[in-house]
Amino acid sequence: MALAPGFLIASPPMGDPNFERTVVLLAMHGPRGALGFVINRVAPLKLGEVMSMAGYGPRVGELAGTVYVGGPVEPGSGWILYSTASFKENVEGAIDVTADVRISSSREVFDALARDMEPPPDAATAALDIGKRMVFLGYSGWGPGQVENEIAHGAWLPAPFDPAVLFDVEIERRWEAAYALMGVSPAMSIGMRTVGEA
């Protein structure tokens, strides 16, 4: 069963604080395991701070912007999920989530983001619009068969991929929006788990 591209929706109650009420974008899934990124958990750092720590200019460091906690694995690693409409270059090693959405940890995509974030020299302030891009710290990873086992035990509900959940839905509404892709609500899911466990 191919789960990527798709979402994993944490079933309530999850029991793991790393994933309680989360939605994970599964970017890769196969016999060797799975790779995903939590799309509704915000990091305590702003985007400008992360870019400044990565060595980009001081003016970039002044800008606010959302950074996501992609998961508990390698929390110091940076990743950018992007629509090919916002960054058309073919980056070596980028993961094709779909034909229109990719994710990469390469310096090249961070360089492009820094260029787009840099305020004009004569601007006192600048509005930050990074387009259809999301910056993550860390990722979520599963070994061979692990995610399938967790789904079988009711920890996750797999849902189809919809880019609107990534780019158009407010962060605090993504969990419910992902459930809506399945035609259910979180409350209905609790009932389904209870029936399945009886």
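For the record, in the sequence shown the residue sitting at position 169 is 170 according to the working numbering, with numbers rising by one throughout. We treat Cβ as the ideally placed atom computed from N, Cα and C, and that holds for glycine. Everything numeric in this text was worked out from a predicted model, so none of it was measured.
Separation of residue j from residue i, as counted between CA atoms
i           : j           : result
residue 56  : residue 82  : 20 angstroms
residue 90  : residue 165 : 22 angstroms
residue 17  : residue 84  : 30 angstroms
residue 151 : residue 161 : 17 angstroms
residue 1   : residue 5   : Outside the displayed span of the chain (2 to 199) sits residue 1, for which this structure offers no information.
residue 80  : residue 106 : 4 angstroms
residue 104 : residue 28  : 8 angstroms
residue 126 : residue 53  : Residue placement at residue 126 is flagged as unreliable, the pLDDT there being 48, under the threshold of 50; a coordinate-derived value is accordingly withheld.
residue 185 : residue 64  : 38 angstroms
residue 86  : residue 172 : 21 angstroms
residue 187 : residue 157 : 12 angstroms
residue 168 : residue 96  : 18 angstroms
residue 128 : residue 66  : Its pLDDT being 46, under 50, residue 128 is placed unreliably by the model, and the measurement read from it follows with that caveat. Those two C-alpha atoms are separated by around 10 angstroms.
residue 108 : residue 48  : 15 angstroms
residue 19  : residue 76  : 12 angstroms
residue 204 : residue 153 : Look at the range of the chain in this structure, 2 to 199, and you will see that residue 204 is not part of it.
residue 110 : residue 132 : 13 angstroms
residue 3   : residue 59  : 43 angstroms
Cβ separation of residue i and residue j, assumed to be a contact under 8 angstroms, to the nearest whole Å
i          : j           : result
residue 37 : residue 72  : 7 angstroms
residue 74 : residue 141 : 6 angstroms
Contact under 8 angstroms by Cβ, residue i with residue j
i           : j           : result
residue 34  : residue 78  : no
residue 40  : residue 24  : yes
residue 135 : residue 69  : yes
residue 26  : residue 159 : no
residue 12  : residue 155 : yes
residue 88  : residue 113 : yes
residue 115 : residue 170 : no
residue 176 : residue 22  : yes
Beta-bridge partners of residue i, as assigned by DSSP
i           : result
residue 160 : 8
residue 136 : 68 and 81
residue 30  : 35
residue 143 : 35
beta-carbon residue i near the ligand NAP non-hydrogen atom, thresh 7 angstroms
i           : result
residue 187 : This structure simply doesn't include the ligand NAP, nor any ligand for that matter.
Which runs of the alpha helix (DSSP H) fall wholly inside the segment 35 to 112 and span at least 4 residues, in chain order?
-> 48 to 54 and 59 to 62
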